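Residue numbers (the numbering used here): 21 to 251. Don't be surprised by glycine CBs; every beta carbon is placed ideally from N, CA and C. These figures come from a predicted structure and were not determined experimentally.
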């Protein structure tokens, strides 16, 4: 009540009308953002374990500022506006693929390592996934996928380097009883993250989910860095 949220544009900081600008952006920043929803990995999908990727924009100047605020600036309330944006992208993606949101068995956020979580205090992917699930009434599972080892910073690494570093970094919590069916068996999973740079994190998570029985994995993120073409 004392410090209302979403009174200012997430990108430029100008005041906005929260009632009419539910995505937390002013008209100017909406116009300047590259709202490209095409899958940047379309030509190389055979290289990935996930089945499709739904994104909202390219990771340009404005989206970088927003993500830095969410991830590094502790502006966790950004997740509400971005979650609504992601929920709308899910509805659009479902229409494109001829499915329904309720066809997803669960939404799963890309996990952080315990050390990174302790340092930041929250997982931005989980915040986004919670908002998407709240909007679309989807079940959220934050316990089944986890990061089993820390990986080095890969901010300036290429796709191959990232893939190598992330290989085997994620795992699914399995039952110790061999006769009990895993909760992922035959599931269609919506895997949620904030940004996809090369698809390597999504790929490593999707491999772990499919190894545990998931039938399909659709990746959802706010932004992707750029187009990746086959060579």
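For residue i, collect the residues of the same chain with a Cβ closer than 7 angstroms to its Cβ; drop the 5 residues on either side in sequence, then sort them by chain order.
{"i": "residue 170", "result": "133 and 135"}
{"i": "residue 82", "result": "31, 49, 52 and 53"}
{"i": "residue 79", "result": "215, 243, 244 and 245"}
{"i": "residue 34", "result": "28 and 46"}
{"i": "residue 123", "result": "208"}
{"i": "residue 201", "result": "Residue placement at residue 201 cannot be trusted, given a pLDDT of 49 that sits under 50; the coordinates are not used to answer."}
{"i": "residue 162", "result": "129 and 146"}
{"i": "residue 142", "result": "96"}
Assuming residue i and residue j make a contact with CB atoms under 8 angstroms, what is their CB distance in whole Å?
{"i": "residue 194", "j": "residue 232", "result": "7 angstroms"}
{"i": "residue 156", "j": "residue 189", "result": "Not really, about 28 angstroms apart at Cβ, beyond 8 angstroms."}
{"i": "residue 240", "j": "residue 110", "result": "6 angstroms"}
{"i": "residue 74", "j": "residue 238", "result": "7 angstroms"}
{"i": "residue 235", "j": "residue 206", "result": "5 angstroms"}
Do residue j and residue i come within 8 angstroms of each other at the CB atom, strictly closer than that value?
{"i": "residue 121", "j": "residue 164", "result": "no"}
{"i": "residue 160", "j": "residue 153", "result": "yes"}
{"i": "residue 127", "j": "residue 149", "result": "yes"}
{"i": "residue 130", "j": "residue 192", "result": "no"}
{"i": "residue 144", "j": "residue 103", "result": "no"}
{"i": "residue 61", "j": "residue 219", "result": "yes"}
{"i": "residue 42", "j": "residue 101", "result": "yes"}
Can you give me the Cβ contacts of residue i inside the same chain, cut-off strictly under 6 angstroms, excluding the 5 residues immediately before and after it?
{"i": "residue 29", "result": "36, 45, 46 and 49"}
{"i": "residue 199", "result": "Residue placement at residue 199 cannot be trusted, given a pLDDT of 48 that sits under 50; what the coordinates show is reported in the next sentence. Excluding sequence neighbours, residue 199 sits near nothing in its chain."}
{"i": "residue 95", "result": "89"}
{"i": "residue 86", "result": "30 and 31"}
{"i": "residue 59", "result": "73"}
{"i": "residue 113", "result": "74"}
{"i": "residue 166", "result": "131"}
{"i": "residue 168", "result": "191"}
{"i": "residue 105", "result": "43 and 76"}
So, for residue i: in the same chain, excluding its five sequence neighbours on each side, which residues have a beta-carbon less than 8 angstroms away from its beta-carbon?
{"i": "residue 55", "result": "76 and 77"}
{"i": "residue 158", "result": "121, 122, 124, 126, 127, 152 and 210"}
{"i": "residue 140", "result": "91 and 132"}
{"i": "residue 137", "result": "143"}
Is any heavy atom of the ligand COA found at a distance shorter than 7 angstroms from the C-beta of residue i?
{"i": "residue 93", "result": "Annotation note on the ligand COA: not contained in the displayed structure, which lists no ligands."}
Open item on the list: Counting beta carbon pairs with one atom in the region 62 to 78 and one in the region 220 to 228, are three or more of them shorter than 8 angstroms?
Closed with: Verdict: yes, contact present.
TODO: Scan the region 80 to 118 and note each continuous alpha helix (DSSP H) run of 4 residues or more that stays entirely inside, going in chain order.
DONE: Counting only unbroken stretches of 4 or more residues, the alpha helix (DSSP H) elements lying wholly within the region 80 to 118 are 81 to 91 and 98 to 117, in sequence order.
TODO: Please specify which runs of the alpha helix (DSSP H), each continuous and at least 4 residues long, are wholly inside the region 122 to 159, giving them in chain order.
DONE: With a minimum length of 4 residues, the continuous alpha helix (DSSP H) runs that stay inside the region 122 to 159 are 134 to 140 and 144 to 156.
- [ ] Can you check the region 217 to 248 for any beta strand (DSSP E) of at least 3 residues that lies completely inside it and give the ranges in chain order?
- [x] Those beta strand (DSSP E) runs which fall completely within the region 217 to 248 and span 3+ residues are 236 to 244.
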